[in-house]
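Written below as structure tokens is the structure these notes are about.
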């Protein structure tokens, strides 16, 4: 249960704080009306469950969720099934994952079919028959769908508007943001937020990952043109090239999606910092509970460091309880423009080469993005050969590259290994291997420990002292060092602390950052006060902004103190 007034979760039907009725996340089921040829969205507690709102006839259960199949995807389906082109043009066609429904009758598409078909032949047939495709019958079916589910639509809009207005009460108007990805969920969230707050001038931040579908970029331009009053900011990492990073640390995998921080969260953090400095903001996100197991564990409003990727944000999710079919009901009924990739059959439009994409999405990319798909596959095969896979093409085509873990076979894996020796001349001192010379960048990484005071160190030894930020007592000594077996090294001595091992563990985290930093931008996103900057000049922590919270050195938020440890660690 959720109280929109207090923005809290509760197990009660009445909010214990304000006494208002709470919103229940009721299970939704899709029923089919054979007479009206349309799906009906119904909840488990609905009084007229099993009855069509239009014809009052009996309905039958269809599925847990559903999406419309647009004429472009319908033509592709006909070709895959070796049917006559446009054979289903008059029918009501819907889909759920790899299962299609033509006038309510189920057709399952096996995953193997996507790899077996001749994509060149499919491309030729699509081009040959697309000009005779029509939206005439599709539009009629959509009008019936909206009419049959008008009560559901009214409920969704009223509840979402109430949630948005109450969530916004604690924030001034100028610190409210909409996260815009170009996908259907963020499109609906943006439309709801603008209408609920009656504010067409809201800040929208579009994260261009550089791996977007061409249709996503086109849609972002259309959206911007259609919302001239909106403050539309584009977050993009122009400093990194995706293929270059893949070549260095390996392609992203399901459990190792370094690309999210480097090309999405990090650039968005920079835009937020430039607009709001260290002020806390409210961001409306298109997160839905039904999307994944991990998202089902979120709260509808989140601001905890554990759950929020960008610490400067409080995240609110107006469509948290919505299903796919709810999203499409809203877009079609409210006549909201959306990304054309959905017309082709994509059910999600993040990065086109994401390791989380299923076989159908990969097949669609081979059809609609053949050059990019070939380039990506060629890279993956070459990478598989480089790391010693015995049958690289099978490794790639069966999707095993998506399950890759660690940096096995990569030279860069050595950079995350913390190598040190204990100093025999001084107690509580370790000599750490560096991959490059001791410099100001390394010294600056110790700002979170306290005040960096080079003037207190022995100048002849280039020693730097770090003082505890609370007591002003020296706790660390840093000194460039010559050590057999290491091209470059630093000696770090701890002092005046109760737990020397714990302090040296965090020292090791910063050494790893210095050695392994690939400018993934994760540290920038973690810093709530915007003290960390990572650019072509290096990794910099502003001592005037740093509050010494040590979040950037805490394993709870950053395993091993550096995100690269997760991606490059070897067994």
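In the working numbering, the protein residues as written are 69 to 639.
Even for Gly, the Cβ is constructed at its ideal location relative to N, Cα and C.
Bear in mind that the values here come from a model prediction, so they are computed numbers and not experimental data.
- What separation, rounded to the nearest whole angstrom, lies between the Cα atoms of residue 513 and residue 176? Position 445 of the chain shown, counted from the first residue, corresponds to residue 513. Position 108 of the chain shown, counted from the first residue, corresponds to residue 176. Taking the straight line from one Cα to the other gives about 55 Å.
- For residue 460, collect the residues of the same chain with a Cβ closer than 7 Å to its Cβ; drop the 5 residues on either side in sequence, then sort them by chain order. Indexing the chain shown from 1 puts residue 460 at position 392. Cβ within range, chain order: 449, 452 and 453.
- Message: Quick check: the Cα distance between residue 345 and residue 355, rounded to an integer number of angstroms?
- Response: Locating residue 345 in the chain shown gives position 277, counting from the first residue. Locating residue 355 in the chain shown gives position 287, counting from the first residue. Residue 345 and residue 355: Cα-Cα distance of roughly 25 Å.
- Item | Through-space distance from residue 571 to residue 635, alpha-carbon basis | Within the chain shown, residue 635 is the residue found at index 567, counting from 1. Within the chain shown, residue 571 is the residue found at index 503, counting from 1. Using only the alpha carbons, I get a separation of about 24 Å.
- Task: Under 8 Å by Cβ, that's how I've got residue 534 and residue 549 pegged, so tell me the actual separation to the nearest angstrom.
- Result: On the chain shown, residue 534 is found 466 positions in, with the first residue counted as 1. On the chain shown, residue 549 is found 481 positions in, with the first residue counted as 1. With a Cβ gap of about 16 Å, residue 534 and residue 549 do not count as contacting.
- Query: Straight-line CA distance for residue 469 to residue 608?
  - Reply: Here residue 469 refers to the residue found at position 401 of the chain shown. Here residue 608 refers to the residue found at position 540 of the chain shown. One C-alpha to the other measures close to 34 Å.
- Query: What's the gap between the Cα of residue 239 and the Cα of residue 308?
  - Reply: By 1-based counting over the chain shown, the position of residue 239 is 171. By 1-based counting over the chain shown, the position of residue 308 is 240. Rounded to the nearest angstrom, the gap between the Cα atoms of residue 239 and residue 308 is 34 Å.
- Query: Hey, residue 576 and residue 478 are a contact pair by Cβ (cut 8 Å); roughly how many whole angstroms apart?
  - Reply: Working through the chain shown from its first residue, we reach residue 576 at position 508. Working through the chain shown from its first residue, we reach residue 478 at position 410. No, residue 576 and residue 478 are not in contact; Cβ-Cβ is about 21 Å, not under 8 Å.
- Could you check the C-alpha separation between residue 416 and residue 374 for me, to the nearest Å? Your numbering for residue 416 matches position 348 in the chain shown. Your numbering for residue 374 matches position 306 in the chain shown. If you take the alpha carbons of residue 416 and residue 374, they lie about 26 Å apart.
- Enumerate in chain order the residues of its own chain whose CB-to-CB distance from residue 594 is below 7 Å, with the five nearest sequence positions on each side excluded. In the chain shown, residue 594 corresponds to position 526, counting from 1. The answer, listed in chain order, is 379, 619, 620, 625 and 626.
- Item | Between the CA atoms of residue 439 and residue 144 - distance to the nearest angstrom | Position 76 of the chain shown holds residue 144. Position 371 of the chain shown holds residue 439. Looking at the two C-alpha atoms, the distance is approximately 20 Å.
- Task: Return the chain-ordered ranges of every alpha helix (DSSP H) run that is complete within the region 500-559 and spans a minimum of 4 residues.
- Result: DSSP runs (the alpha helix (DSSP H)) wholly in the region 500-559: 508-512.
- Endpoints, beta strand (DSSP E) assigned at residue 300: Here residue 300 corresponds to residue number 232 of the chain shown, with the count starting at 1. From DSSP, the beta strand (DSSP E) with residue 300 extends over 299-303.
- Roughly how far, in whole angstroms, is the beta-carbon of residue 525 from the beta-carbon of residue 580, given that I think they are within contact range, below 8 Å? The residue labelled residue 525 in the question sits at position 457 within the chain shown. The residue labelled residue 580 in the question sits at position 512 within the chain shown. Wrong, their Cβ atoms sit about 23 Å apart, outside the cutoff.
- Item | Inter-residue spacing [alpha-carbon to alpha-carbon] between residue 230 and residue 244 | In the chain shown, the residue the question calls residue 230 occupies position 162. In the chain shown, the residue the question calls residue 244 occupies position 176. Residue 230 and residue 244 have their alpha carbons spaced roughly 16 Å apart.
- Message: Which of the three DSSP states is assigned to residue 617 in this structure?
- Response: Translated into positions along the chain shown, residue 617 becomes position 549. Reduced to three states, the DSSP call for residue 617 is coil.
- Could you pull out every residue in the same chain whose Cβ sits closer than 8 Å to the Cβ of residue 349, ignoring the five residues on either side in sequence? Here residue 349 refers to the residue found at position 281 when the chain shown is read from its first residue. 239, 243, 244, 245, 340, 380, 381 and 382.
- Task: State the DSSP-derived secondary structure class of residue 450, mapped to helix, strand or coil.
- Result: Residue 450 sits at position 382 when you count from the first residue of the chain shown. It is helical.
- Query: Which class does residue 455 belong to by DSSP, given the choice of helix, strand or coil?
  - Reply: Along the chain shown, one-based indexing puts residue 455 at 387. If DSSP states are grouped into helix, strand and coil, residue 455 belongs with coil.
- Item | Three-state secondary structure (DSSP) of residue 169 | Here the question's residue 169 lines up with position 101 in the chain shown. Strand, per DSSP.
- Message: Please report the distance separating the alpha-carbon of residue 565 from that of residue 523.
- Response: Translated into positions along the chain shown, residue 565 becomes position 497. Translated into positions along the chain shown, residue 523 becomes position 455. Each residue's alpha carbon lies about 21 Å from the other.
- Item | DSSP-derived helix/strand/coil call for residue 202 | Translated into positions along the chain shown, residue 202 becomes position 134. Per DSSP, reduced to three states, the secondary structure at residue 202 is coil, with no helix or strand assignment.
- Query: Can you list, in chain order, the residues of its chain whose CB lies under 6 Å from that of residue 216, leaving out five sequence neighbours each side?
  - Reply: Along the chain shown, read from residue 1 onward, the residue named residue 216 stands at position 148. So the list reads 106, 108, 121 and 122, once near-sequence residues are dropped.
- Message: So for residue 383, helix, strand or coil by DSSP?
- Response: Numbered from its first residue, the chain shown carries residue 383 at position 315. The DSSP-derived three-state label of residue 383 is strand.
- Query: So what does DSSP say about residue 320, is it helix, strand or coil?
  - Reply: Taking the first residue of the chain shown as position 1, residue 320 is located at position 252. Reduced to three states, the DSSP call for residue 320 is coil.
- Query: Do you know whose CA, among 126, 377 and 422, lies nearest residue 596's CA?
  - Reply: Taking the first residue of the chain shown as 1, we reach residue 596 at position 528. Answer by Cα proximity: 377.
- Task: Return the first residue and the last residue of the alpha helix (DSSP H) that residue 156 is part of.
- Result: To locate residue 156, count along the chain shown from 1; it is residue 88. Note, residue 156: premise wrong, no alpha helix (DSSP H); not H, not E.
- Query: Buried or exposed: which applies to residue 210, given that a residue is buried once 16 or more other Cβ atoms fall within 10 Å of its Cβ?
  - Reply: Walking along the chain shown from the start, residue 210 turns up at place 142. Classification of residue 210: buried, given that the 10 Å Cβ count is 16 or more.
- Item | Residues that residue 101 bridges to, as DSSP identifies them | Taking the chain shown and counting its residues from 1, one reaches residue 101 at position 33. In DSSP, residue 101 forms a bridge with 106.
- Boundaries (first-last residue) of the beta strand (DSSP E) holding residue 245: As a position in the chain shown, residue 245 is number 177, starting the count at 1. If you look at residue 245, you'll find it in the beta strand (DSSP E) that goes 244-248.
- Are residue 137 and residue 162 close, meaning C-beta to C-beta below 7 Å? What you label residue 137 is simply residue 69 of the chain shown in a count that begins at 1. What you label residue 162 is simply residue 94 of the chain shown in a count that begins at 1. Contact: yes.
- Determine the direct distance from the alpha carbon of residue 544 to that of residue 491, and round the result to whole angstroms. Taking the first residue of the chain shown as position 1, residue 491 is located at position 423. Taking the first residue of the chain shown as position 1, residue 544 is located at position 476. If I take the Cα positions, the gap works out to 15 Å.
- Beta carbon of residue 110, beta carbon of residue 102: below 7 Å? Here residue 110 refers to the residue found at position 42 when the chain shown is read from its first residue. Here residue 102 refers to the residue found at position 34 when the chain shown is read from its first residue. With a cutoff of 7 Å on beta-carbon distance, residue 110 and residue 102 are scored as not near each other.
- Message: Do residue 395 and residue 558 have their beta-carbon atoms positioned less than 7 Å apart in this structure?
- Response: For this step, residue 558 is matched to residue 490 along the chain shown. For this step, residue 395 is matched to residue 327 along the chain shown. No, Cβ-Cβ distance for residue 558 and residue 395 is not below 7 Å.
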